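Okay, so here's the structure we're looking at.
2 protein chains.
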Amino acid sequence: MATMADVARRAGVSAKTVSNVLSGYPYIRESTRARVLAAVDDLGYEINVTARILRSGRSGLIGLAVPELGQPYFGELADEILAAARRHGLHVLIQPTGFTREGELGALREPRRRLVDGLVFSPAALDQSDAHLLENLDYPLVLLGEQMFSRHVDHVTMHNVEGVRAATDLLLDVGRRSIAAIGMLHATTAGSAALRYLGYREALGARGIAVDERLLGWADDGWHRANGARAMAAVLDSGVEVDGVVAFNDALALGAMFELQVRGRSIPGDVAVVGFDDIEDARYSVPALTTVDPGRREIADVAVDLLRARLDEVPGATRRPPVLHVADLRLVERESTPARAS
Amino acid sequence: MATMADVARRAGVSAKTVSNVLSGYPYIRESTRARVLAAVDDLGYEINVTARILRSGRSGLIGLAVPELGQPYFGELADEILAAARRHGLHVLIQPTGFTREGELGALREPRRRLVDGLVFSPAALDQSDAHLLENLDYPLVLLGEQMFSRHVDHVTMHNVEGVRAATDLLLDVGRRSIAAIGMLHATTAGSAALRYLGYREALGARGIAVDERLLGWADDGWHRANGARAMAAVLDSGVEVDGVVAFNDALALGAMFELQVRGRSIPGDVAVVGFDDIEDARYSVPALTTVDPGRREIADVAVDLLRARLDEVPGATRRPPVLHVADLRLVERESTPARAS
DNA sequence: ATGAAAGCGCTAACAA
DNA sequence: TTGTTAGCGCTTTCAT
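Taken in order, these protein sequences are the chains called H and B.
Quick note on numbering: the first sequence equals residues 1 to 342 in the UniProt record's numbering.
Quick note on numbering: the second sequence equals residues 1 to 342 in the UniProt record's numbering.
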């Protein structure tokens with residue numbers, strides 16, 4: 001395969017000049033540039049990126065660590081991150097962590113192997129006690145979609161608590177009082193599940209309603225549809241009355257709706273349902289799902305911008321203090337909940 | 001940041017010995033290995049993968065080019081490919097091509113830049129006239145999920161035609177005669193759309209039914225739910241009678257079901273619906289969607305195996321002739337179609 | 001505006 | 001079982 005030296009020889013210039021042309025260095029005579037590009041074309045030359053990275057120390061690749069692409073939320077998020085990165089000439093290496101601690105620790109080691117310049121990381125298995133693992137890293141890191149881990153790291157997060165609280169308030173506003181929470185996890189103490197449960201509890205508490213344990217639907221195997229259906233079934237089987245459902249993500253909500261309809265409950269007549277994420281499916285379920293749009297596009301844009309800013313920081317100079325960006329969130333009312341009396 | 005030389009110094013060995021330990025070379029005294037690993041640990045050393053790739057010429061990375069991760073079929077497929085690769089110690093660099101010709105041509109150039117050793121490619125924008133672009137490449141390539149492009153390239157495909165034909169036959173078997181086809185594309189002549197349409201036409205033809213143009217639902221903007229709903233609406237608005245729907249993928253089917261239900265048609269009573277892909281959503285839609293399982297897991301496994309075999313081929317020796325693997329496919333009957341009289 | 005020399009960090013090839 | 005030497009292909013630094 002042709003190397004830069006081959007191109008240089010053919011164009012009658014030095015390798016450095018070829019390098020200059022290919023990396024957009026401006027002070028090159030137009031005729032020289034043309035000859036170089038012609039030689040590149042003739043030889044079908046493609047630059048060897050590993051050599052370039054090794055020498056320059058920068059890859060233009062950013063890592064994206066998410067649990068699983070098959071979950072529409074993360075698949076759609078990955079597409080948004082990729083698009084944002086591309087707008088700035090960056091590429092993305094995706095590392096699914098499989099919801100495992102091991103996977104997440106592996107992703108955190110990756111930038112030190114020098115293939116990616118920095119990392120956008122959406123933790124799902126690590127918890128607050130691991131905060132120290134995210135500090136004092138020697139590469140740029142942006143954390144996504146979770147609560148604060150550390151004041152020393154850039155975060156792009158969403159109003160988890162307020163989002164679920166608003167969702168629950170909507171159900172309360174339309175008169176529902178037996179509201180199930182679908183998506184409880186035993187494992188984490190401070191992850192999305194805990195925060196979203198908090199929003200649920202706060203909303204009930206503000207109206208003096210106690211949490212009924214029988215209304216809590218557990219989904220320790222992950223926030224998939226199957227588990228939403230299963231958790232809903234468990235709640236219904238407990239014999240408790242249910243007239244509303246707050247699910248901690250849309251997949252759970254869709255699974256729960258499935259189970260409700262299988263059992264002949266009408267939505268929203270018998271049971272009103274709210275989700276979280278606003279994935280594409282939510283718009284086309286039957287009935288269309290009322291849900292919380294967490295501002296995925298904004299999250300992706302801001303995350304990439306924060307990372308870029310860190311990548312451009314000069315080592316010596318004082319660095320910008322860590323940022324906590326909370327994306328705007330919006331309750332999207334559709335058919336799975338009755339209209340509020342206005 | 002520590003280099004291999006630093007580790008070597010600390011362990012009192014040569015750099016080559018460190019290299020040997022880290023790459024699993026077996027003939028090393030146990031005590032030496034222990035000392036090296038201790039030094040690695042002490043220094044928090046991580047290998048520089050770009051240097052390793054540059055020197056060895058192999059990266060252990062395979063490229064995966066798919067249109068878009070937000071589409072559940074591709075998100076789920078990506079997870080399967082990643083899992084299959086990991087089982088063999090390979091990593092995956094995902095390149096979404098955005099359904100564009102430019103994106104796909106870019107992905108095809110990537111391995112020549114030497115970061116990935118080979119490519120698993122699911123084309124969506126290229127067509128038969130581009131077959132020559134896929135031949136005589138100087139790296140291993142496996143094509144996915146489409147028709148044959150060239151006898152000179154490994155393919156892992158599915159029974160597109162037979163799958164849709166079986167789906168259409170099911171509808172015909174239960175007495176439906178006005179069957180809409182959702183997902184027609186003007187652009188491609190030999191892509192999935194064309195093949196799936198062919199299956200539809202064949203099934204009708206075998207029973208002497210002519211294709212009614214008004215029953216063809218176009219989705220040139222992509223096989224998303226929104227377009228399934230839109231195409232279904234267009235068909236219904238044409239005034240033609242409809243008692244069955246064959247959608248060319250599940251997202252389209254779910255969108256079509258949404259539109260049908262919005263208009264008060266019962267499923268499967270008034271209209272029976274069949275999809276293609278068996279994404280997770282299909283199991284939990286209301287009603288649960290009858291669909292064609294294309295054998296995604298098998299496709300991923302076989303694709304990675306074929307690529308691995310090519311990567312291991314010795315340059316001089318005669319190479320295995322190209323393989324065309326057609327994954328097994330299964331019609332999954334759920335609630336969106338009536339049971340067949342047996 | 002272009003070139004020459006050096007070296008990024010690792011492993012192939014060979015030697016011991 | 002371990003070490004030495006060389007060099008992968010590029011960009012940095014410095015020179016002109």
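Ideal Cβ placement from N, Cα and C applies to all residues, glycine included.
The structure presented is a predicted model; accordingly, all values stated were derived computationally and were not measured.
Round the Cβ separation of residue i and residue j to the nearest angstrom and send it over; I've been treating them as touching at under 8 Å.
{"i": "Arg196 of chain H", "j": "Phe276 of chain H", "result": "7 Å"}
{"i": "Leu69 of chain H", "j": "Gly75 of chain B", "result": "4 Å"}
{"i": "Val174 of chain B", "j": "Ala303 of chain B", "result": "In fact, because the Cβ distance is near 35 Å, the residues do not count as touching under 8 Å."}
{"i": "Tyr73 of chain H", "j": "Asn249 of chain H", "result": "7 Å"}
{"i": "Leu133 of chain B", "j": "Leu108 of chain B", "result": "7 Å"}
{"i": "Met184 of chain H", "j": "Leu215 of chain H", "result": "Met184 of chain H to Leu215 of chain H, Cβ: 10 Å. No contact."}
{"i": "Thr290 of chain B", "j": "Glu333 of chain B", "result": "5 Å"}
{"i": "Ala84 of chain B", "j": "Asp301 of chain B", "result": "5 Å"}
{"i": "Asp117 of chain H", "j": "Ser59 of chain H", "result": "5 Å"}
{"i": "Val271 of chain B", "j": "Leu170 of chain B", "result": "The pair is not a contact, with the Cβ atoms about 14 Å apart (cut-off 8 Å)."}
{"i": "Gly163 of chain H", "j": "Pro294 of chain H", "result": "7 Å"}
{"i": "Tyr200 of chain B", "j": "Ala219 of chain B", "result": "With 8 Å as the limit, Tyr200 of chain B and Ala219 of chain B do not qualify as a contact, their Cβ atoms being about 14 Å apart."}
{"i": "Val18 of chain H", "j": "Ala8 of chain H", "result": "5 Å"}
{"i": "Ile62 of chain H", "j": "Val120 of chain H", "result": "6 Å"}
{"i": "His224 of chain H", "j": "Glu280 of chain B", "result": "7 Å"}
Can you list, in chain order, the residues of its chain whose CB lies under 6 Å from that of residue i, leaving out five sequence neighbours each side?
{"i": "Ser122 of chain H", "result": "Val66, Leu144, Gly145"}
{"i": "Glu335 of chain H", "result": "Pro287, Ala288"}
Would residue i pass as an interface residue toward chain H - the criterion being a Cβ-Cβ separation below 8 Å?
{"i": "Tyr284 of chain B", "result": "yes"}
{"i": "Pro67 of chain B", "result": "no"}
{"i": "Glu76 of chain B", "result": "yes"}
{"i": "Arg58 of chain B", "result": "no"}
{"i": "Ala229 of chain B", "result": "yes"}
{"i": "Pro315 of chain B", "result": "no"}
{"i": "Pro72 of chain B", "result": "yes"}
{"i": "Leu254 of chain B", "result": "yes"}
{"i": "Ile53 of chain B", "result": "yes"}
{"i": "Glu280 of chain B", "result": "yes"}
Which bits of chain H does residue i rub up against, with CB to CB less than 7 Å?
{"i": "Glu135 of chain B", "result": "Correct list: empty, because the minimum Cβ distance to chain H is about 15 Å."}
{"i": "Glu46 of chain B", "result": "Arg109, Arg112, Arg113"}
Spell out whether any CB of chain B is found under 8 Å from the CB atom of residue i.
{"i": "Val49 of chain H", "result": "yes"}
{"i": "His224 of chain H", "result": "yes"}
{"i": "Asp293 of chain H", "result": "no"}
{"i": "Glu104 of chain H", "result": "no"}
Sorted by chain position, which residues of the same chain lie with C-beta nearer than 8 Å to residue i's C-beta, five sequence neighbours on each side aside?
{"i": "Arg112 of chain H", "result": "Asp138, Tyr139"}
{"i": "Phe99 of chain H", "result": "Pro67, Glu68, Ala124, Ala125, Gly222"}
{"i": "Arg10 of chain B", "result": "Ala39, Asp42, Leu43"}
{"i": "residue 343 of chain B", "result": "Look at the range of chain B in this structure, 1 to 342, and you will see that residue 343 of chain B is not part of it."}
{"i": "Gly57 of chain H", "result": "Arg114"}
Would you mind telling me which residues of chain H sit closer than 9 Å to residue i, beta carbon to beta carbon, in chain order?
{"i": "Met257 of chain B", "result": "Tyr284, Val286"}
{"i": "Asp130 of chain B", "result": "The contacting residues do not exist; Asp130 of chain B stays about 17 Å from chain H at best."}
{"i": "Met1 of chain B", "result": "Arg112, Arg114, Asp138"}
{"i": "Glu298 of chain B", "result": "Result: empty, since nearest Cβ-Cβ is about 16 Å, beyond 9 Å."}
Residues of chain B with a CB under 7 Å from the CB of residue i: which are they?
{"i": "Leu115 of chain H", "result": "Val49, Thr50"}
{"i": "Leu93 of chain H", "result": "Leu93"}
{"i": "Pro96 of chain H", "result": "Asp79, Leu82"}
Sorted by chain position, which residues of the same chain lie with C-beta nearer than 7 Å to residue i's C-beta, five sequence neighbours on each side aside?
{"i": "Leu172 of chain B", "result": "Ala203, Arg207"}
{"i": "Ala193 of chain B", "result": "Gly183, Met184, Leu185, Phe248"}
{"i": "Ala152 of chain B", "result": "Checking the displayed sequence, the identity of residue 152 of chain B turns out to be His instead of Ala. Taken in chain order, the residues that qualify are Glu135, Pro322."}
{"i": "Val211 of chain H", "result": "Arg201, Leu204"}
Can you check DSSP and say which residues form a bridge with residue i?
{"i": "Ala203 of chain B", "result": "Ala203 of chain B is not bridged to any residue."}
{"i": "Trp218 of chain B", "result": "B:Met184"}
{"i": "Phe121 of chain B", "result": "B:Ala65, B:Leu143"}
{"i": "Val332 of chain H", "result": "H:Thr291"}
{"i": "Gln179 of chain H", "result": "Before going on, a small fix: residue 179 of chain H reads as Ile here, not Gln. Looking at the DSSP assignment, Ile179 of chain H forms a beta bridge with H:Gly244."}
{"i": "Pro96 of chain B", "result": "B:Val66"}
{"i": "His132 of chain H", "result": "In the DSSP output, where bridge partners are listed per residue, His132 of chain H has none listed."}
{"i": "Ala231 of chain H", "result": "BP columns for Ala231 of chain H are empty, so no partner."}
{"i": "Ala272 of chain H", "result": "H:Gly244"}
{"i": "His152 of chain B", "result": "None; His152 of chain B has no bridge partner."}
{"i": "His325 of chain H", "result": "H:Val156"}
Which chain B residues sit within Cβ distance under 8 Å of residue i?
{"i": "Ile62 of chain H", "result": "Within chain B, no residue comes near Ile62 of chain H; the closest Cβ sits about 12 Å away, beyond 8 Å."}
Quick check: is any heavy atom of the ligand ATP less than 7 Å from the C-beta of residue i?
{"i": "His186 of chain H", "result": "This structure lacks the ligand ATP, and indeed carries no ligand of any kind."}
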